[in-house]
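The structure appears below as structure tokens.
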Amino acid sequence: MNSHRFGHYAIRTYVVLFIAFMLLPLIVMGGAAFNDTRFPSIYPWFGFTTHWFQELWADGRMWGAARNTVFVAIAVVALSVPIGTAGAILLNSLQARSRSIIYGIMVAPILTPGAVIGISTLLFWYKFNVPAGLHLSVLGQVSYIAAYVMLLVLARLQSFDAGLEEAALDLGASHAQVMRRILLPHLYPAIFAGALIGFFQSAENFNVTLFTRGNSDTLTVYVGSKIRSGITPTINALAFLLIAATVIGVIIYEIRRRRADAAMKLAEE
Amino acid sequence: MSELIRRYGSSLTWIIILFTAFWLLVLVLIPNFVLFEFSFKPYLPVDQLGGPKDFYSLNNYWTFFNSPIHIRIFFQTVLYSSAVTLLCLIMSYPLAYFLAKVVDPKTAPSIFLLLIIPLWVSEILRSFAWFIILAYNGPLNAMLQGIGLEPVRWISGFNAVIIGLIYSYLLFMLLPIYNAISSLDTNQIEASEDLGASLWRTHWRVVIPHSKPGIASGCVMVFMLCAGSVIVPSTLASPSSRWFTEIIQQWMFEGLDWNTGAAYAFLLLTLCIIFVSLVMRLLNVRLVDIAK
Numbered sequence: 000m001n002s003h004r005f006g007h008y009a010i011r012t013y014v015v016l017f018i019a020f021m022l023l024p025l026i027v028m029g030g031a032a033f034n035d036t037r038f039p040s041i042y043p044w045f046g047f048t049t050h051w052f053q054e055l056w057a058d059g060r061m062w063g064a065a066r067n068t069v070f071v072a073i074a075v076v077a078l079s080v081p082i083g084t085a086g087a088i089l090l091n092s093l094q095a096r097s098r099s100i101i102y103g104i105m106v107a108p109i110l111t112p113g114a115v116i117g118i119s120t121l122l123f124w125y126k127f128n129v130p131a132g133l134h135l136s137v138l139g140q141v142s143y144i145a146a147y148v149m150l151l152v153l154a155r156l157q158s159f160d161a162g163l164e165e166a167a168l169d170l171g172a173s174h175a176q177v178m179r180r181i182l183l184p185h186l187y188p189a190i191f192a193g194a195l196i197g198f199f200q201s202a203e204n205f206n207v208t209l210f211t212r213g214n215s216d217t218l219t220v221y222v223g224s225k226i227r228s229g230i231t232p233t234i235n236a237l238a239f240l241l242i243a244a245t246v247i248g249v250i251i252y253e254i255r256r257r258r259a260d261a262a263m264k265l266a267e268e
Numbered sequence: 000m001s002e003l004i005r006r007y008g009s010s011l012t013w014i015i016i017l018f019t020a021f022w023l024l025v026l027v028l029i030p031n032f033v034l035f036e037f038s039f040k041p042y043l044p045v046d047q048l049g050g051p052k053d054f055y056s057l058n059n060y061w062t063f064f065n066s067p068i069h070i071r072i073f074f075q076t077v078l079y080s081s082a083v084t085l086l087c088l089i090m091s092y093p094l095a096y097f098l099a100k101v102v103d104p105k106t107a108p109s110i111f112l113l114l115i116i117p118l119w120v121s122e123i124l125r126s127f128a129w130f131i132i133l134a135y136n137g138p139l140n141a142m143l144q145g146i147g148l149e150p151v152r153w154i155s156g157f158n159a160v161i162i163g164l165i166y167s168y169l170l171f172m173l174l175p176i177y178n179a180i181s182s183l184d185t186n187q188i189e190a191s192e193d194l195g196a197s198l199w200r201t202h203w204r205v206v207i208p209h210s211k212p213g214i215a216s217g218c219v220m221v222f223m224l225c226a227g228s229v230i231v232p233s234t235l236a237s238p239s240s241r242w243f244t245e246i247i248q249q250w251m252f253e254g255l256d257w258n259t260g261a262a263y264a265f266l267l268l269t270l271c272i273i274f275v276s277l278v279m280r281l282l283n284v285r286l287v288d289i290a291k
């Protein structure tokens, strides 16, 4: 019994330490955004300042990079979602052997290092005299982000009742209507989740973008070059803003989840 | 195919096939084939392309095999990536089990929400955070000195790289193992305990075999991300700890020798393929299980 007790406390301590390990670095990084020193750190503390936020705000290159990141992410989502969805529908209609081969090719990009995807995309389009640039970053990122969409949609397809399609066809619906009114509505949760994941995967991508971007910047590449040459706490200011946005999103999500739970409980009673 | 046409008509079927073909051929298969082909060609100025010097050879690969430094860096990358993968597994398993089977199912999502905050903050900022923490005059050493210890030069050798890699990719191990353990029927664990199995034995014979697909998935992802990591080594490495991706970058950006770069990238890809097949063989799982 005693050792059970001990194990209980040990695992709880471990969980707390684990969470601290994941979150403390972010607090240190965010906190350093307010320290009045050229080299970002929270120790020693030289006094509170918002100077680094002003400098970040005035940094034209950062704004350009942020705009590029959003454009690339939107383009990636616009391509990955239809491609991944089509891939899942096709895969779902295939039988045993061809299915596992195609499936293997589809998930391979997820297991491929980003640098390899970036270089192979760069070389492939170079053969057709397409110069490097963010358009290639988009294509490189789509190759693996479409696979995430495909996996989500494929999982959702398992719960789809094909009898509904039959019924609609029998009742005189066109094929396009079946797709638009029956299949796609069933897949929307997966498609929406895929779009969201795709957007953030694209926004945080570094490896593929690094090799395909040409001379353009995205936010991650901008931060990367800042870290290599001339670190300033403006990166911390940017990090602080991203962390704050995430934390706000997490809090909103958690409140809504608890409300939904409470509503469920009420409904049960 | 005929089933697709019956269900969605021929025009929609064509669109579906076209999209999938564009993805698999234009974005995945042919670029990788081009990479493979490039790696056997010499690097030549544009006016000599197609000339007498433009033929296939293994020269780019010989560049690698004749360079003891590059070989050493390659194997160090393999070694430290494997070590990080193992450490992530050891760190993740107890927590994954705790979240899946011990904690109240209502609080587990809240804990997860806290844990994945770093995932939303991009990879590059995650390693930058450790750059600040591990700096010689940074907060960690200040804390060590505060409790009477000597400061440590963290950013030397592979120390900082290992810490940064673990921090960056730990969750890619935790999540699949958590998913796998969640699908285990708790009755099986209780049955094993009731029949007198010790804690270790229950895990070794019941929980771990069931979570094999998750473990395989986590190991494959973490190893691939580590071996292919560009950001963490470039932020946290010291001159004595170099990473294979840095050599690839050198060929691509500094040497501007894309052919040798392609050969090195292909070596990295081969390494990852070998690792995936090794894990699949070792844990006896299929690709379908890994990609879940």
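Going line by line, the protein sequences match chains A and B.
Residue numbering for the first sequence follows numbering that gives the first Met the number 0, starting at 0 and increasing by one per position.
Residue numbering for the second sequence follows numbering that gives the first Met the number 0, starting at 0 and increasing by one per position.
Note that the Cβ used here is the ideal one computed from N, Cα and C, for glycine as well.
One thing to note: residue 194/A has its Cβ no nearer than 8 Å to the Cβ of residue 106/A. Rounded to the nearest whole angstrom, the CA to CA distance from residue 67/B to residue 79/B is 18 Å. The shortest C-alpha to C-alpha distance from residue 145/B to any of 42/A, 263/A, 21/A is the one to 42/A. The beta carbon of residue 261/B sits closer than 8 Å to some beta carbon of chain A. With a cutoff of 8 Å on beta-carbon distance, residue 86/A and residue 22/B are scored as near each other. Closer than 8 Å to the CB of residue 264/A there is not a single CB belonging to chain B.
Secondary structure of residue 65/B (DSSP, three-state): coil. For residue 61/A, not one C-beta of chain B is nearer than 8 Å to its own C-beta. Under the three-state reduction of DSSP output, residue 159/A falls in the coil class, being neither helix nor strand. Residue 47/A is bridged by DSSP to 34/A. Its chain contains 237, 239, 240 as the residues whose beta carbon lies nearer than 7 Å to that of residue 156/B, once the 5 sequence neighbours on both sides are disregarded; these appear in chain order. Put simply, the backbone Cα of residue 130/A is about 8 Å away from that of residue 213/A.
Excluding five sequence positions before and after residue 143/A, the CB atoms of its chain that fall closer than 6 Å to its own CB belong to 108, 109, given in chain order.
For chain A, the residues of the region 236-259 of chain B that bring a beta carbon within less than 7 Å of one of its beta carbons are 244, 247, 251, 257, in chain order. The three-state reading of DSSP puts residue 155/B in coil, since its state is none of H, G, I, E or B.
Pairing residue 221/A with residue 61/A gives a Cβ-Cβ distance under 8 Å. Within chain B, 233 have C-beta atoms less than 8 Å from the C-beta of residue 227/A, given in sequence order. Between the C-alpha atoms of residue 237/A and residue 170/B there is a straight-line separation of about 23 Å.
Residue environment analysis places residue 120/A among the buried positions, since at least 16 neighbouring C-beta atoms fall within 10 angstroms of its C-beta.
In the DSSP assignment, residue 206/A falls within the unbroken alpha helix (DSSP H) covering 206-211. Neighbourhood of residue 109/B in chain A, by CB distance below 8 Å: 253, in chain order.
For the region 129-202 of chain B, the continuous alpha helix (DSSP H) assignments of 4+ residues that do not extend past its boundaries occur at 138-145, 158-181, 185-193, 198-201, in sequence order. Taking residue 53/A as reference, the option from 126/A, 71/A, 33/A, 135/A with the minimal CA-CA separation is 33/A. Ranked by Cα distance from residue 87/B, the options 184/B, 268/B, 242/B, 176/B are led by 176/B. Here residue 114/A is buried, its C-beta having at least 16 other C-beta atoms within 10 Å. Pairing residue 76/B with residue 226/B gives a Cβ-Cβ distance under 8 Å. A contact is defined here as three or more CB-CB pairs under 8 Å, and the region 199-206 of chain B fails this definition with respect to the region 111-118 of chain B. One Cα belongs to residue 40/B, the other to residue 128/A, and the distance between them is close to 18 Å. Among the residues of chain B, those whose CB is under 7 Å from the CB of residue 145/A are 22, following chain order. A distance below 8 Å between beta-carbons, with the five flanking residues on each side excluded, links residue 180/B to the following residues of its chain, in chain order: 95, 96, 99, 100, 206, 209, 210, 213.
Your pair residue 95/A and residue 151/A does not check out as a contact, with CB atoms roughly 23 Å apart and the cut at 8 Å. In the assembly as shown, residue 269/B is an exposed residue. Its beta-carbon has fewer than 16 other beta-carbons within 10 Å. The C-beta distance from residue 84/B to residue 259/B rounds to 28 Å, too long to meet the 8 Å contact threshold. Secondary structure at residue 285/B: coil, using DSSP grouped into helix, strand and coil. Bounds of any alpha helix (DSSP H) do not take in residue 256/B, whose DSSP letter is neither H nor E.
If you draw a 10 Å sphere on the C-beta of residue 56/B, you find fewer than 16 other C-beta atoms in it, and that means exposed.
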